[in-house]
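Each residue of the sequence shown is one higher than the one before, counting from 12 in this note's numbering.
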Amino acid sequence: MSFKAPVPRVNHATAEAVLDRMLSWYGLSHPREILPWINSRPALRLFDLREPTALADAAAALRSPIGRFRFRVDFGCNDSKVHPMLRILRSTDHVLMLGREIEHPLEHDDRDQHRDFTSVVTVRSVPSAGAALSTDRLPFHQDGLGTAGSVRYVAMCLDHGPIAGGSQFYVNLLAHGLLLAHRNWNRFVDATQADALTVTRFSGSQAVSVTGPMFYVDETGVPAAHFRAGGGEYEVMPSPQVAPWFVEFLRSLSHAAESVSLLSGDCIVVDNLSVAHARSAFTESDTHCRRLSRKWYAIDPTRTSVWNQASFRLDRTIYRDPE
């Protein structure tokens, strides 16, 4: 007869506190109330941010289980080095409230000989520069591993599309965390523990290893997820408690993900702490290259550093230090 040790009461208390914050964030009272959102898979609407009602709806969608919104920009009349995506987001931030922009070192990438805009990272194929800067498939992930939960929102705009491929995929991790809590409470308990998932990036000076809960509450009070699928220069190691069901969870995310084919000028703003995104492989040529502009926004004005923050800033009322 096999024996499985009971889960400590403190672990259940942690999970209950995290669950309560996740439910409150979406205005729910029970995990089963997430089912209509997951089953309906609401489409990613296109918003005209110049219209006040649409702008308010976009802000609401970003903070709902949809976790993102989409809009378009026009490059034809652009006479500025400021990306048109940024111009619109800056002019509407009194409603969107995205927070402090993060200046990423790659915004000054001297390898980018065809940079059109300032203050954005250009995601394009760069030889031997990792999965994100390649034409390969990019597995499900959240941005900013080295910041350990400081990248609150991510804005992306497709400046130039590839010849073929390059579709984006999105899935709400927090929503599936609530589903996990509804269907298998003990698994959710395991997923909220401080050692639930370790993600390691093997990449020279940018190497970093981050261990944290799959579902947690940040010190700012924001409920968040910590997740990545392995691949490229990344290795993902679940805890012994999470490992038996991690692949099954990843499969459920893949089945539930929404596929979006972007056109040049399409922009998406994503709640990076609740939504994982992925990209299919794509084909390009010397004269027809995919270029995507990206901007990060910090969860707090004091948290704009982007490298080697290996420890999550967990809510100390939930994750108390052992006595």
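Note that CB positions come from ideal geometry on N, CA and C, so glycine has one too.
In the DSSP assignment, the beta strand (DSSP E) including residue i goes from what residue to what residue?
{"i": "I45", "result": "Looking at the DSSP string, I45 is not in any beta strand (DSSP E), and its letter there is neither H nor E."}
{"i": "H288", "result": "V286 to R290"}
{"i": "P116", "result": "Segment: none, P116 is in no beta strand (DSSP E) and carries neither H nor E."}
{"i": "R79", "result": "R79 to R83"}
{"i": "F151", "result": "L149 to H152"}
{"i": "T133", "result": "V132 to V134"}
Residue i bridges to which residues according to DSSP?
{"i": "K306", "result": "A166"}
{"i": "S296", "result": "H299"}
{"i": "Y227", "result": "A235"}
{"i": "M248", "result": "T209"}
{"i": "N183", "result": "V286"}
{"i": "D120", "result": "Its beta-bridge partners do not exist; DSSP assigns none."}
{"i": "A175", "result": "T294"}
{"i": "I279", "result": "R81 and M167"}
{"i": "V271", "result": "Q179"}
{"i": "G242", "result": "Y245"}
{"i": "T129", "result": "V93"}
{"i": "S322", "result": "T222"}
{"i": "L57", "result": "R81"}
Please report the residue range of the alpha helix (DSSP H) in which residue i lies.
{"i": "V200", "result": "W196 to A202"}
{"i": "S220", "result": "Not the alpha helix (DSSP H): S220 falls in the beta strand (DSSP E), residues V219 to G223."}
{"i": "H266", "result": "A254 to A267"}
{"i": "I99", "result": "P95 to S102"}
{"i": "M64", "result": "One detail in the question is off: residue 64 reads as Thr in this sequence, not Met. Counting along the chain, the alpha helix (DSSP H) containing T64 begins and ends at P63 to L73."}
Checking 8 Å against the spacing of the C-beta atoms, do residue i and residue j come in under that value?
{"i": "Y227", "j": "L325", "result": "yes"}
{"i": "L57", "j": "G160", "result": "no"}
{"i": "V258", "j": "A207", "result": "no"}
{"i": "F151", "j": "V182", "result": "yes"}
{"i": "A321", "j": "V221", "result": "yes"}
{"i": "V247", "j": "V210", "result": "yes"}
{"i": "V165", "j": "V271", "result": "no"}
{"i": "A292", "j": "G141", "result": "no"}
{"i": "F180", "j": "A289", "result": "yes"}
{"i": "R52", "j": "E269", "result": "yes"}
{"i": "T103", "j": "L66", "result": "yes"}
{"i": "I77", "j": "A267", "result": "no"}
{"i": "F128", "j": "V93", "result": "yes"}
{"i": "G232", "j": "A205", "result": "no"}
{"i": "L273", "j": "A240", "result": "no"}
{"i": "A26", "j": "T203", "result": "yes"}
{"i": "D154", "j": "W307", "result": "yes"}
Here's a check: name, in chain order, each residue in its chain whose Cβ is nearer than 8 Å to the Cβ of residue i, leaving out the five neighbours to either side.
{"i": "F86", "result": "P95, D170, S275 and G276"}
{"i": "E295", "result": "S136, T146, P173, I174 and R301"}
{"i": "H23", "result": "V200"}
{"i": "D229", "result": "G160, A235, L284, I310, F323, R324, L325 and D326"}
Whose C-beta lies closer than 6 Å to the C-beta of residue i among residues of the same chain, with five residues either side of it excluded?
{"i": "F14", "result": "Any answer about F14 is weak, because its pLDDT of 40 lies below 50 and its placement is not dependable; what the coordinates show is given next. Same-chain partners within the cutoff: there are none."}
{"i": "L30", "result": "A192"}
{"i": "I99", "result": "L60"}
{"i": "V132", "result": "H115, L117, E118 and R305"}
{"i": "P42", "result": "L189, A192 and H193"}
{"i": "S40", "result": "none"}
{"i": "A28", "result": "I329"}
{"i": "S35", "result": "none"}
Sorted by chain position, which residues of the same chain lie with C-beta nearer than 7 Å to residue i's C-beta, five sequence neighbours on each side aside?
{"i": "L184", "result": "A236, F238, S285, V286 and A287"}
{"i": "V84", "result": "P95, M96, I99, C168, G276 and C278"}
{"i": "S263", "result": "H187"}
{"i": "E244", "result": "G141, A142, R212, F213 and S214"}
{"i": "A16", "result": "Model confidence at A16 stands at a pLDDT of 49, short of 50, so the residue's coordinates are unreliable; what they give is reported in the following sentence. Cβ neighbours of A16 beyond the five flanking positions: none."}
{"i": "L149", "result": "A142, A143, A289 and R290"}
Any heavy atom of the ligand COA closer than 7 Å to the Cβ of residue i?
{"i": "A267", "result": "Ligands in the displayed structure: none, and consequently the ligand COA is not present."}
Is the shortest distance between the beta-carbon of residue i and the beta-carbons of chain C less than 8 Å?
{"i": "Y308", "result": "Given the protein chain composition of this structure (a single chain), no chain C is represented."}
Touching by the beta-carbon criterion (3+ pairs, under 8 Å), the segment 102-121 and the segment 304-318 | Contact holds: three or more Cβ-Cβ distances are below 8 Å.
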